[in-house]
Amino acid sequence: MARALDRWQASVPDVVLLDLSLPGLDGLQVLVQARAAGLLTPVLILTARGTVGDRILGLNAGADDYLPKPFDLDELEAWVRALARRAKAAGADGSADTASVEFSGLRVDAASGAVYFHGGALELALREAGLLRALLARAGQAVAKERRFEQVFPGEPQLQAEAIEVVAYRLRRKLAHTGVQVVTLRGLGNLLKAAP
Numbered sequence: 000m001a002r003a004l005d006r007w008q009a010s011v012p013d014v015v016l017l018d019l020s021l022p023g024l025d026g027l028q029v030l031v032q033a034r035a036a037g038l039l040t041p042v043l044i045l046t047a048r049g050t051v052g053d054r055i056l057g058l059n060a061g062a063d064d065y066l067p068k069p070f071d072l073d074e075l076e077a078w079v080r081a082l083a084r085r086a087k088a089a090g091a092d093g094s095a096d097t098a099s100v101e102f103s104g105l106r107v108d109a110a111s112g113a114v115y116f117h118g119g120a121l122e123l124a125l126r127e128a129g130l131l132r133a134l135l136a137r138a139g140q141a142v143a144k145e146r147r148f149e150q151v152f153p154g155e156p157q158l159q160a161e162a163i164e165v166v167a168y169r170l171r172r173k174l175a176h177t178g179v180q181v182v183t184l185r186g187l188g189n190l191l192k193a194a195p
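So the sequence shown is numbered by numbering that gives the first Met the number 0: it starts at 0 and just counts up by one.
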């Protein structure tokens, strides 16, 4: 596992294709360790474990999507392109303007796009990190649903606008221990607020 993580950190790829059945260890362990280390590279899980429960485990561990075997190679290629596009638009590759954003113990690393709380990396999926970066960039101010949607789901117009609420819900749960809240203001959007 250490070797896989070392290689991932040494030359950060655009997308990681992760099989859950790796020799000697479970792919989910690699994923959990990578997210704990602040690696935000989009991860597509490839596996024969195709039950809903398996998918939930993978997504909760930090995967961005899940492709059960057997799959068509054209479909795999399309998923890789979509994840790379989404990551670039969300700024996970460091291309977005996230310089030195800090709020109530939360900090965005401008080089990697990773989000830290008092120095420890937060374990966030790509979409959760994208939403948090969007909210951190305007901490204390409402960010409209349309703006959040553009940053979290770039190039995915087929998704319902309400999909952003699912990401916001997951982000709220992951921030519960930080004292920072994602507040919904009806008709205005979301904002970050430090708990009193």
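The C-beta atom is built at its ideal place from N, Cα and C for all residues, glycine as well. Please read these numbers as outputs of a predicted model, since none were measured by experiment.
Where the beta strand (DSSP E) containing residue i begins and where it ends
| i | result |
| --- | --- |
| residue 138 | Looking at the DSSP string, residue 138 is not in any beta strand (DSSP E), and its letter there is neither H nor E. |
| residue 116 | 114-116 |
| residue 193 | 188-193 |
| residue 64 | 64-67 |
| residue 39 | Neither: residue 39 is in no beta strand (DSSP E) and is coded neither H nor E. |
Helix, strand or coil at residue i [DSSP, three-state]
| i | result |
| --- | --- |
| residue 101 | strand |
| residue 2 | helix |
| residue 11 | coil |
| residue 28 | helix |
| residue 106 | strand |
| residue 130 | helix |
| residue 162 | helix |
| residue 73 | helix |
| residue 180 | strand |
| residue 21 | strand |
| residue 123 | coil |
Burial state of residue i, where buried means 16 or more other Cβ atoms lie within 10 Å
| i | result |
| --- | --- |
| residue 189 | buried |
| residue 52 | exposed |
| residue 2 | exposed |
| residue 167 | buried |
| residue 122 | buried |
| residue 157 | exposed |
| residue 40 | buried |
| residue 5 | exposed |
Rounded Cβ spacing between residue i and residue j (contact assumed at less than 8 Å)
| i | j | result |
| --- | --- | --- |
| residue 85 | residue 12 | About 14 Å; that fails the 8 Å criterion. |
| residue 182 | residue 174 | Going by Cβ atoms, the distance from residue 182 to residue 174 rounds to 11 Å, so no, they are not a contact pair. |
| residue 29 | residue 17 | 7 Å |
Enclosing alpha helix (DSSP H) for residue i [first to last residue]
| i | result |
| --- | --- |
| residue 149 | 144-151 |
| residue 48 | No alpha helix (DSSP H) contains residue 48, which DSSP labels as neither H nor E. |
Residue i: CB within 7 Å of a non-hydrogen atom of the ligand ADP
| i | result |
| --- | --- |
| residue 167 | Looking at this structure, you won't find the ligand ADP or any other ligand, since it has none at all. |
Discussion item. Under 8 Å: do the stretch 137-154 and the stretch 59-72 share three or more Cβ pairs, one atom per stretch?
Written reply: no
Worksheet item: So, do the stretch 150-164 and the stretch 106-124 have three or more beta carbon pairs nearer to each other than 8 Å?
Response: no
Worksheet item: Do three or more CB pairs link the stretch 132-143 to the stretch 75-84 at distances below 8 Å?
Response: Touching, no.
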